[in-house]
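Scroll down for the structure; my scribbles are underneath it.
Residue numbers (the working numbering): 464 to 616.
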């Protein structure tokens, strides 16, 4: 993990840990000076939910680890480390209209600067994500003209 290491959070592989991780990551990032952490918290929720639902981390006695680093004043790097799965590797899929799940990685893709999966060794899997924490870094404000020719900012 590159950048300035901020925190490591180890939690039981249960559904309740998702909200705990979300709050912890948000608080760590705010204390470190990051501004817009809502997208990061959304990503952490999605990745933790996947780890608890689809890997050995969600089995009795399982756990999941979240590592948090600050790459710079406006970018963070998060790793969600789970206990792996026999056949499951996180991948985006097309959920049917009536399905309640199956869209989490699409959300991650939409708000993250980048994300991926790597082998964490000893039956572990690491899902990493890089997120911007300043909206102006994601959607830069530029001046332009509307259809009538009026200037807007």
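Where a beta carbon is used, it is the ideal one built from N, C-alpha and C, also for glycine.
Just so we're clear, the structure is a prediction, and the values are computed from it rather than from any experiment.
task = Out of 588, 589 and 577, point me to the one whose CA is closest to residue 502's CA.
result = By one-based count along the chain shown, residue 502 stands at place 39. Comparing Cα-Cα distances from residue 502 to each of 588, 589 and 577, the minimum goes to 577.
inquiry  = Just to check my reading of the structure: residue 592 and residue 573 have Cβ atoms closer than 8 angstroms, yes? What is that Cβ distance to the nearest angstrom?
reply    = Taking the chain shown and counting its residues from 1, one reaches residue 592 at position 129. Taking the chain shown and counting its residues from 1, one reaches residue 573 at position 110. With a contact defined as Cβ atoms closer than 8 angstroms, residue 592 and residue 573 miss out at about 12 angstroms.
ask   = With distances taken between CB atoms, is the gap from residue 470 to residue 491 smaller than 8 angstroms?
value = Stepping through the chain shown from its first residue, residue 470 is reached at position 7. Stepping through the chain shown from its first residue, residue 491 is reached at position 28. The answer is yes: Cβ separation under 8 angstroms.
task = Please go through the same chain and pick out, in chain order, the residues whose beta-carbon is closer than 6 angstroms to the beta-carbon of residue 525, but skip the five residues on each side of it.
result = Locating residue 525 in the chain shown gives position 62, counting from the first residue. Excluding sequence positions up to five before and after residue 525, its CB lies within less than 6 angstroms of the CB of 476, 519 and 546, all in the same chain and listed in chain order.
request  = Count the other CB atoms, across all protein chains shown, that sit within 10 Å of the CB of residue 597; report buried if there are 16 or more and exposed otherwise.
outcome  = Here residue 597 refers to the residue found at position 134 when the chain shown is read from its first residue. Per the 10 Å Cβ criterion, exposed.
query = Is DSSP giving residue 470 helix, strand or coil here?
reply = The residue given as residue 470 occupies position 7 in the chain shown. Residue 470 falls in the strand class under three-state DSSP.
Residue from 521, 509 and 493 whose Cα sits closest to the Cα of residue 537 = Locating residue 537 in the chain shown gives position 74, counting from the first residue. Looking at the Cα atoms, 493 is the closest of the given residues.
message = Between 539, 507 and 504, which has its C-alpha nearest residue 465's C-alpha?
response = For the purposes of this step, residue 465 is taken as the residue at position 2 of the chain shown. Checked all of 539, 507 and 504; the closest Cα to residue 465 is 539.
message = Using the three-state DSSP reduction, which class does residue 521 fall into: helix, strand or coil?
response = In the chain shown, counting from the first residue as 1, residue 521 sits at position 58. Here residue 521 sits in helix by DSSP.
Span separating the alpha-carbon of residue 522 from that of residue 511 = Within the chain shown, residue 522 is the residue found at index 59, counting from 1. Within the chain shown, residue 511 is the residue found at index 48, counting from 1. Roughly 14 angstroms separates the two Cα atoms.
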